[in-house]
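Going down the list, the protein sequences come from chains A and B.
Per my numbering, residue 21 is the first one in the first sequence, and the count goes up by one each step.
Per my numbering, residue 20 is the first one in the second sequence, and the count goes up by one each step.
Some notes on the structure that comes next.
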Amino acid sequence: MRNIGKWGLGAGLTAGWAVAFAAAPERVPWQLNMHPGVTQSSHDAYDLHMLALWICVGIGLIVFGAMFYAMFAFRKSKGAVPATWSHNTIAETIWTVVPILLLVAMAWPATKVLINEAYTNESQMTVKITGYQWKWGYDYVNWGDKAYHVHFISRLDEKSDRTRQLRSGLNPGDVKDAQGENTYLIDVDKPLVLPTNTKVRFVVTGDDVIHSWWVPALGWKSDAIPGIINDTWTNISEPGIYRGQCAELCGQDHGFMPIVVKAVPPEDFKKWLDEQEAAQNPPAPAAAPVAQQGVPSMPSNG
Amino acid sequence: MANTSAHADHHDDHDHKPEGFLDRWLFTTNHKDIGTLYLIFAFTMVIIGAAMSVVIRTELASPGLQHVQPYFFNQMTTLHALVMIFGAVMPAFVGLANWMIPLQIGAPDMALPRMNNWSFWIMPFAFTMLLGTLFMPGGGPAGGWTMYPPLALQGGASVAFMVFAIHMMGISSIMGAINIIATILNMRAPGVDLLKMPLFTWSWLITAFLLIAVMPVLAGAVTMLLTDKFFGTSFFNAAGGGDPVMYQHIFWFFGHPEVYIMILPAFGIVSEIIPTFSRKPLFGYQAMVYAVASIAFLSFIVWAHHMFTVGMPLGGELFFMYATMLIAIPTGVKIFNWVSTMWQGSISFETPMLWAIGFVVLFAIGGFSGIMLALVPADFQYHDTYFVVAHFHYVLVTGALFSIIAAIYYWWPKWTGRMINETWGKVHFWWTMVFVNLTFFPQHFLGLAGMPRRIPDYNVAFADWNLISSIGAFGMFVTPWMMIAIFAMSKKQGAIAPQRPWEGAHGLEWEVPSPAPHHTFTNPPVIKPGMLAHGDVTH
Chain A
21 MRNIGKWGLG AGLTAGWAVA FAAAPERVPW QLNMHPGVTQ SSHDAYDLHM LALWICVGIG
81 LIVFGAMFYA MFAFRKSKGA VPATWSHNTI AETIWTVVPI LLLVAMAWPA TKVLINEAYT
141 NESQMTVKIT GYQWKWGYDY VNWGDKAYHV HFISRLDEKS DRTRQLRSGL NPGDVKDAQG
201 ENTYLIDVDK PLVLPTNTKV RFVVTGDDVI HSWWVPALGW KSDAIPGIIN DTWTNISEPG
261 IYRGQCAELC GQDHGFMPIV VKAVPPEDFK KWLDEQEAAQ NPPAPAAAPV AQQGVPSMPS
321 NG
Chain B
20 MANTSAHADH HDDHDHKPEG FLDRWLFTTN HKDIGTLYLI FAFTMVIIGA AMSVVIRTEL
80 ASPGLQHVQP YFFNQMTTLH ALVMIFGAVM PAFVGLANWM IPLQIGAPDM ALPRMNNWSF
140 WIMPFAFTML LGTLFMPGGG PAGGWTMYPP LALQGGASVA FMVFAIHMMG ISSIMGAINI
200 IATILNMRAP GVDLLKMPLF TWSWLITAFL LIAVMPVLAG AVTMLLTDKF FGTSFFNAAG
260 GGDPVMYQHI FWFFGHPEVY IMILPAFGIV SEIIPTFSRK PLFGYQAMVY AVASIAFLSF
320 IVWAHHMFTV GMPLGGELFF MYATMLIAIP TGVKIFNWVS TMWQGSISFE TPMLWAIGFV
380 VLFAIGGFSG IMLALVPADF QYHDTYFVVA HFHYVLVTGA LFSIIAAIYY WWPKWTGRMI
440 NETWGKVHFW WTMVFVNLTF FPQHFLGLAG MPRRIPDYNV AFADWNLISS IGAFGMFVTP
500 WMMIAIFAMS KKQGAIAPQR PWEGAHGLEW EVPSPAPHHT FTNPPVIKPG MLAHGDVTH
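Structure follows, in structure tokens:
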């Protein structure tokens with residue numbers, strides 16, 4: 021009875037947090053919980069996280085409840101006389117079988133999500149990500165069936181960089197974007213621009229040491245390892261700015277190579293990408309005229 | 020030799036200690052003295068490692084770099100881990116094993132006493148070498164305690180010193196493990212059957228096999244680092260045909276059993292203390308032994324759960340996820356058994372019991388986050404964030420370290436013949452409870468909010484919980500000094516401890532006087548019913 025009361029109270033409290041933080045911006049002071057993010061993967065990760073959290077809270081309430089009950093009810097100072105039993109087959113069976121069922125309840129959805137996340141085929145564009153000490157390189161490889169040769173390096177923004185020097189005397193609180201959001205150490209000079217509602221495949225590698233590319237709102241991280249190419253994908257549902265950081269220790273400036281993804285509608289993205297392509301690959305003066313291919317045909321979103 | 024243990028007419032009450040300081044401590048072959056040396060060494064390392072964590076938490080107390088350069092910060096995180104794992108937790112457990120295993124099985128000493136001396140005495144040299152790198156040009160190792168190449172190879176001469184230090188620690192651990200196995204299998208007093216041994220001895224028997232199995236693997240991995248760095252090999256260098264991920268597989272094939280090397284003896288300790296202060300036999304003794312054994316077995320087939328983001332194939336991710344989740348079953352059995360031991364007992368809350376209860380509750384919290392981390396898609400978010408930092412500090416600090424402190428409080432009267440001041444012991448416990456949770460619980464929130472680990476500076480959104488965590492760490496730094504004061508006070512003016520200072524204590528260690536004489540069980544004890552904790556219960 022006692023446990024059920026506690027369970028209800030705990031459930032109410034934690035559900036309150038979950039609701040309060042699901043709608044909050046991505047990073048807030050005193051934040052308690054994971055943000056659900058803006059992709060199917062991040063929603064799935066969030067749901068699994070909450071499922072596991074609830075199962076753990078439930079087990080915790082029962083086990084700790086029983087333990088605290090024992091600590092109050094069976095005190096020597098209250099004259100408790102010790103029993104001598106040390107076995108109970110029924111109880112032992114229950115607490116072996118029930119956890120197995122709970123594990124299956126978690127492993128089942130986790131397996132489904134994982135199978136989905138491993139499927140990088142049928143992507144509509146590919147971006148190559150390269151980790152360097154201490155910046156990120158991005159190559160737009162294709163969009164639909166058109167090849168692109170857009171490359172740029174993305175590194176920590178200048179204001180954060182000046183502020184983060186040892187005893188710089190500058191206030192990290194003053195590093196803000198146009199909306200007034202603090203972007204200290206999570207802003208870059210050139211963000212990675214991506215289209216929304218598009219399955220984007222990433223191939224991730226490292227140039228010098230191992231890095232890890234992580235934008236929490238996308239729901240995963242992928243290690244950037246020299247000599248190895250990892251592939252993964254995302255499909256962002258809402259336009260916006262999503263920030264992340266390198267997640268694998270990569271040397272002294274590991275904390276200073278953030279990631280910014282700017283998600284824009286596909287039409288805007290196409291315009292931006294063509295501009296970049298034109299700027300980075302000006303037609304050679306004597307070359308044969310390059311046929312303007314127009315909007316590349318996009319694979320169906322099946 | 021001053022050691023007269025070979026005398027035919029020797030008795031327990033003849034307390035023949037060597038006279039000279041060097042004879043007593045440097046040339047010692049006595050399991051109790053070597054145990055003491057291990058514990059003092061571990062305590063020194065705790066202070067050094069904790070000082071490093073104070074540097075870390077001072078820098079992290081607020082956003083912006085105020086105190087140290089990032090490269091030095093990385094040296095601190097790297098050495099903090101190496102010192103705490105190899106210098107503090109492991110030697111402390113070996114020290115407890117040295118002291119207690121012969122006493123618990125009725126043996127006169129460890130099976131290989133001279134090797135025992137050597138296993139201890141190479142440790143100070145290993146750590147002098149490791150910590151000495153801090154004063155060399157280029158500083159200490161800064162690539163993380165996991166030493167992942169290629170980053171770890173970017174260090175200077177410190178790489179060589181670190182590798183040789185790890186070799187020496189490994190040799191020490193392997194010799195210690197051989198000694199423990201030889202002692203337990205050969206030197207039990209007649210009547211101390213394997214399945215009547217105390218849980219602490221059992222857990223150490225299994226741990227020792229883990230050590231022998233995996234320390235050579237670590238030695239191999241770091242040797243390959245050494246030759247990659249200094250002799251032009253390409254084991255882990257992709258440009259030369261090697262594979263940086265291979266290092267991670269080899270490292271974690273050592274690293275995951277290593278995690279259990281640091282927690283199985285803790286399970287043993289808690290399984291001693293909870294029945295004592297519940298005045299009731301341990302619930303499910305055999306289930307506890309089998310649980311430890313199955314955790315040890317599973318620890319060999321879960322290593323890649325530290326590497327879910329390296330890009331393993333789907334089948335690999337699924338296998339390591341399922342195998343990891345399985346560990347929850349035997350671990351759950353242990354926790355349920357401890358609670359059942361308390362159920363309908365007659366519980367009192369002396370200081371060792373408080374630490375043991377603190378262990379069960381907080382270790383369980385570390386176990387919960389462990390289950391969460393096992394779920395691969397969720398781990399894609401948690402991995403390498405402060406959520407992981409919170410997780411492993413809950414299992415290592417409030418798990419392993421709490422159990423070590425509990426053990427010291429529990430066996431201290433046997434070692435010294437003095438009781439501790441219960442009031443101060445309780446102050447120590449509650450102080451630690453408050454500050455350890457203040458330090459590590461908010462780190463769950465930071466990780467979930469997106470703060471990566473191993474960074475010296477962070478966005479201002481993370482500032483509040485970091486400050487709380489730092490305050491907790493500063494409070495924690497008081498506790499080792501508090502502990503020194505409590506035990507110094509006890510040694511000086513503590514009440515005289517009876518042979519069996521805890522009413523509910525069973526086991527052969529409580530059949531010898533307090534303090535335990537320099538030599539015990541030179542004649543095997545005659546086991547009477549009720550002497551062994553597990554001898555008079557039907558299985």
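C-beta atoms are modelled at their ideal positions from N, C-alpha and C, and glycine is treated no differently.
Taking all protein chains shown into account, decide if residue i is buried (16 or more other Cβ within 10 angstroms of its Cβ) or exposed.
i: V281 of chain A; result: buried
i: A194 of chain A; result: One detail in the question is off: residue 194 of chain A reads as Asp in this sequence, not Ala. Exposed.
i: L214 of chain B; result: exposed
i: G25 of chain A; result: In this predicted model, G25 of chain A has a pLDDT of only 42, less than 50, meaning its place in the structure is not dependable enough to derive any value.
i: A52 of chain B; result: The question names Ala, but residue 52 of chain B is Asp in the sequence shown. D52 of chain B is buried by the Cβ-count criterion.
i: P548 of chain B; result: exposed
i: W105 of chain A; result: exposed
i: S97 of chain A; result: exposed
i: V407 of chain B; result: buried
i: G39 of chain B; result: exposed
i: V453 of chain B; result: exposed
i: Q598 of chain B; result: No statement about residue 598 of chain B is possible, as the shown extent of chain B runs from 20 to 558 and does not include it.
i: H403 of chain B; result: The residue you asked about is not His; residue 403 of chain B is Asp in the sequence shown. Label assigned to D403 of chain B: buried.
i: G271 of chain A; result: buried
i: H538 of chain B; result: buried
Along chain B, which residues have their Cβ under 8 Å away from the Cβ of residue i?
i: I206 of chain A; result: N478
i: A125 of chain A; result: Those within 8 Å of A125 of chain A in chain B number zero; the least Cβ separation is about 11 Å.
i: R47 of chain A; result: A468, G469, N478, A480 and F481
i: G80 of chain A; result: A383, I384 and F387
i: Q265 of chain A; result: G469, P471 and I474
i: D197 of chain A; result: Within chain B, no residue comes near D197 of chain A; the closest Cβ sits about 12 Å away, beyond 8 Å.
Mind pulling the chain A residues with CB within less than 8 Å of residue i?
i: R298 of chain B; result: K96 and P102
i: S290 of chain B; result: Chain A residues near S290 of chain B: none, gap ~12 Å exceeds 8 Å.
Using a cut-off of 9 Å between C-beta atoms, extract the partners of residue i located in chain A.
i: E441 of chain B; result: Under the 9 Å cutoff, chain A gives no residues; its nearest Cβ is about 14 Å from E441 of chain B.
i: A425 of chain B; result: What A425 of chain B touches in chain A: nothing, since even the nearest Cβ is about 16 Å away.
Report the CB separation of residue i from residue j in whole angstroms; it is logged as a contact under 8 Å.
i: V380 of chain B; j: W357 of chain B; result: The Cβ separation is near 10 Å, so there is no contact.
i: A70 of chain B; j: P110 of chain B; result: Their Cβ separation, rounded to whole angstroms, is 18 Å, which puts A70 of chain B and P110 of chain B out of contact at 8 Å.
i: I75 of chain A; j: M126 of chain A; result: 7 Å
i: V289 of chain B; j: A425 of chain B; result: 7 Å
i: T435 of chain B; j: T498 of chain B; result: With a Cβ gap of about 20 Å, T435 of chain B and T498 of chain B do not count as contacting.
i: L205 of chain A; j: G157 of chain A; result: At roughly 19 Å, the Cβ-Cβ gap does not stay under 8 Å, so L205 of chain A and G157 of chain A are not in contact.
i: V455 of chain B; j: M495 of chain B; result: 6 Å
i: G163 of chain B; j: L68 of chain A; result: Rounded, the Cβ-Cβ distance is 27 Å, inconsistent with contact.
i: M119 of chain B; j: F228 of chain B; result: Not really, about 18 Å apart at Cβ, beyond 8 Å.
i: A323 of chain B; j: F339 of chain B; result: 4 Å
Going by the beta-carbon positions, is the gap between residue i and residue j smaller than 8 Å?
i: H325 of chain B; j: G274 of chain B; result: yes
i: S61 of chain A; j: W233 of chain A; result: no
i: Y405 of chain B; j: P82 of chain B; result: no
i: G287 of chain B; j: S222 of chain B; result: yes
i: F112 of chain B; j: P217 of chain B; result: no
i: S533 of chain B; j: K433 of chain B; result: yes
i: A171 of chain B; j: L244 of chain B; result: yes
i: T458 of chain B; j: A419 of chain B; result: no
i: A72 of chain A; j: A240 of chain B; result: no
i: G159 of chain B; j: T252 of chain B; result: no
i: G260 of chain A; j: P236 of chain A; result: no
i: I427 of chain B; j: S509 of chain B; result: no
i: E336 of chain B; j: V278 of chain B; result: no
Comparing the CB of residue i with every heavy atom of the ligand FMN, is any distance shorter than 7 Å?
i: P49 of chain A; result: The model on display carries no ligand, and the ligand FMN is accordingly not part of it.
Using the beta-carbon of each residue, which ones in chain A are nearer than 7 Å to residue i?
i: A432 of chain B; result: Before going on, a small fix: residue 432 of chain B reads as Pro here, not Ala. By Cβ distance, chain A contributes nothing, its closest Cβ being about 19 Å from P432 of chain B, past 7 Å.
i: F464 of chain B; result: Q51 and L52
### Task
Could you tell me whether the stretch 290–299 of chain B touches the stretch 520–531 of chain B, where touching means 3 or more Cβ pairs closer than 8 Å?
yes
### Message
Quick test of the definition: if touching needs 3 or more C-beta pairs under 8 Å, does the stretch 381–391 of chain B touch the stretch 105–118 of chain A?
### Response
no
### Task
Please confirm if the stretch 471–488 of chain B is in contact with the stretch 280–298 of chain A, defined as three or more CB-CB distances below 8 Å between the two stretches.
no
### Message
Under 8 Å: do the stretch 241–256 of chain A and the stretch 174–189 of chain A share three or more Cβ pairs, one atom per stretch?
### Response
no
### Task
Kindly confirm or deny that the stretch 146–156 of chain B and the stretch 180–197 of chain B touch, where touching means at least three C-beta pairs closer than 8 Å.
yes
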